[in-house]
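Comments concern the structure below.
Residue numbers (our numbering): 63 to 405.
Right, here's the structure in full:
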């Protein structure tokens with residue numbers, strides 16, 4: 063397969079040219095991970111939806127679990143470092159005084175894909191955002207309505223995302239600055255003391271029927287002088303976690319998806335089960351695992367509460383209660399301001 067390699071030439075690459083030629087893209091303009099080419103097709107979707115027997119079917123019908131939501135806006139009113147879960151894969155971070163949103167989705171995905179959890183604060187309160195980070199283009203991470211609202215209400219916000227994403231989001235942006243990153247590239251805000259790296263994951267991109275992998279997907283590493291955060295976006299399990307650990311040997315927090323894992327024959331190349339996420343956490347050598355990507359949207363066969371039940375079971379079996387930190391929506395992961403809610 064003919065391949066070329068591209069990067070954002072305005073940004074540094076953190077590997078040598080001998081180690082990394084650039085992000086690979088084929089002659090059809092489609093990005094790919096050389097170790098994990100995307101192989102699922104529409105026939106697999108039809109097999110899942112029409113022929114697959116869901117072992118969770120009865121449990122799912124009876125499952126009434128919904129995430130606990132802490133209605134608390136104190137994190138918006140101080141300057142200390144903090145990370146707050148907004149549901150699914152949406153987070154608010156404040157790092158070195160910068161207000162950051164990652165993959166913000168504030169409402170339903172479609173009339174057929176409702177939201178099953180509330181937000182901890184009204185979206186109108188996100189009105190001093192400095193950075194919006196988007197891991198990839200899937201609609202549960204890159205939502206037109208949420209982003210259009212944020213661009214309108216945050217005139218100074220900058221956007222950082224993967225290569226090719228401007229084709230989707232630029233029409234919503236009202237002229238906001240956009241930086242597209244290739245894998246293993248660095249975006250640095252020197253005055254703020256914040257470095258943002260974009261790393262490979264095992265996933266894919268698509269918004270419509272014919273645009274498979276025309277945009278890049280990935281994970282972010284956010285690094286200050288005091289804290290290193292791995293934000294995993296969407297990914298199946300793979301060797302890229304060990305690679306990330308070799309580049310960043312002192313990760314404090316790993317934010318990893320644990321939901322949308324069933325059926326595993328279909329999902330495992332794109333998402334992780336709780337067991338796979340715990341293995342990825344161990345590979346990363348991180349101090350804390352913050353589970354995400356569950357409880358808000360019904361994307362797969364398992365009940366909404368099953369990922370949390372399984373990760374708590376792993377914490378019990380592995381004696382890892384101090385390492386695994388499940389959050390309520392609105393609860394903080396970084397220690398600056400802890401909510402009064404006790405699980």
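Glycine is no exception: its CB is placed at the ideal position from the N, C-alpha and C atoms.
Exercise. Taking DSSP as the reference, what is the three-state secondary structure of residue 373?
Worked result: In the structure shown, residue 373 adopts helical secondary structure according to DSSP, grouped into three states.
For this session: Leaving out five residues on either side along the sequence, give the residues of the same chain with a beta carbon under 8 Å from the beta carbon of residue 233.
Result: Cβ neighbours of residue 233 beyond the five flanking positions: none.
Exercise. Would residue 282 pass as a contact of residue 258 if the rule is Cβ separation under 8 Å?
Worked result: Contact flag set, yes.
Exercise. Which first and last residues belong to the alpha helix (DSSP H) in which residue 341 is found?
Worked result: Residues 336–346.
Problem set entry | Cβ contact (3+ pairs, closer than 8 Å) linking the region 273–288 and the region 320–330 | No, they do not touch.
For this session: Within the region 250–291, note down every full beta strand (DSSP E) run reaching 3 residues or more, in order along the chain.
Result: Listed in chain order, the complete beta strand (DSSP E) runs (minimum 3 residues) inside the region 250–291 are 256–261 and 281–285.
Exercise. The alpha helix (DSSP H) with residue 208 in it runs from where to where?
Worked result: Its alpha helix (DSSP H) spans residues 206–215.
Exercise. How about the region 116–131 and the region 154–170: do they share at least three Cβ pairs that are nearer than 8 Å?
Worked result: Between the region 116–131 and the region 154–170 there are fewer than three C-beta pairs closer than 8 Å, too few to call the two in contact.
Problem set entry | Host beta strand (DSSP E) of residue 131 (start-end) | No beta strand (DSSP E) contains residue 131, which DSSP labels as neither H nor E.
Problem set entry | Outcome for residue 98 when other beta-carbon atoms lying within 10 angstroms are tallied against a minimum of 16 | Result: buried.
For this session: Kindly indicate which residue of 384, 365, 105 and 70 has the alpha-carbon position closest to the one of residue 125.
Result: Among 384, 365, 105 and 70, the Cα nearest to that of residue 125 belongs to 365.
For this session: Could you name the residues that DSSP lists as bridge partners for residue 107?
Result: DSSP lists no partner for residue 107.
Exercise. Tell me the DSSP bridge mates of residue 242?
Worked result: Beta-bridge partners assigned by DSSP to residue 242: 223.
Problem set entry | Secondary structure of residue 399, DSSP reduced to three states | At residue 399, the pLDDT of 39 sits below 50, so the modelled position is not reliable and the matter cannot be decided from this model.
Exercise. How would you write the range of the alpha helix (DSSP H) that residue 40 sits in, first residue to last?
Worked result: The question about residue 40 has no answer, for the chain in this structure spans 63 to 405.
Problem set entry | residue 292 versus residue 212 - alpha carbon distance | Spanning the alpha carbons of residue 292 and residue 212 requires a straight line of approximately 24 Å.
Problem set entry | Close Cβ partners of residue 377 (< 7 Å) along its chain, the five nearest in sequence each way excluded | Within the same chain, and ignoring the five residues on either side of residue 377 in sequence, the residues whose Cβ sits closer than 7 Å to its Cβ are 383 and 386.
For this session: Compute the beta-carbon to beta-carbon distance between residue 197 and residue 296, rounded to the nearest angstrom, for a pair I have assumed lies under 8 Å.
Result: Indeed, because the Cβ distance is near 7 Å, the residues count as touching under 8 Å.
For this session: Within 10 angstroms of the Cβ of residue 272, are there 16 or more other Cβ atoms? Answer buried if so, exposed if not.
Result: By the 10 Å Cβ count, residue 272 comes out exposed.
For this session: Give every residue of the same chain whose Cβ lies closer than 6 Å to the Cβ of residue 268, excluding the five residues on either side of it in the sequence, and list them in chain order.
Result: The beta carbon of residue 268 sits closer than 6 Å to the beta carbons of 274 from its chain, once the five residues preceding and following it are set aside; these are given in chain order.
Exercise. With a CB to CB cut of under 6 Å and the five nearest residues on each side skipped, what residues in its chain are close to residue 152?
Worked result: Excluding positions up to five away in sequence, the list reads 165, 166 and 167.
For this session: Indicate the three-state DSSP secondary structure (helix, strand or coil) for residue 387 in the structure shown.
Result: The answer is coil: DSSP assigns residue 387 none of H, G, I, E or B.
For this session: Would you kindly check if the distance between the Cβ of residue 278 and the Cβ of residue 226 is under 8 Å?
Result: For residue 226 and residue 278, yes; Cβs fall inside 8 Å.
For this session: Go through its chain and collect everything with a Cβ distance to residue 180's Cβ below 6 Å, but skip five positions before and after it.
Result: Apart from sequence neighbours up to five positions away, the residues of its chain that approach residue 180 with a beta-carbon distance below 6 Å are 131, ordered along the chain.
For this session: Determine the extent of the alpha helix (DSSP H) in which residue 230 is found, giving its start and end residues.
Result: Taken as a continuous stretch (DSSP letters only), the alpha helix (DSSP H) holding residue 230 covers 228–231.
For this session: Below 8 Å on the Cβ atoms is my guess for residue 86 versus residue 67; work out the distance and round it to an integer in Å.
Result: Contact flag correct, Cβ pair sits at about 6 Å.
Exercise. For the candidate residues 72, 73, 64 and 80, whose alpha-carbon lies nearest to that of residue 93?
Worked result: It is 64 whose Cα lies nearest to the Cα of residue 93.
For this session: Leaving out five residues on either side along the sequence, give the residues of the same chain with a beta carbon under 6 Å from the beta carbon of residue 191.
Result: Around residue 191: 161, 163, 216 and 219.
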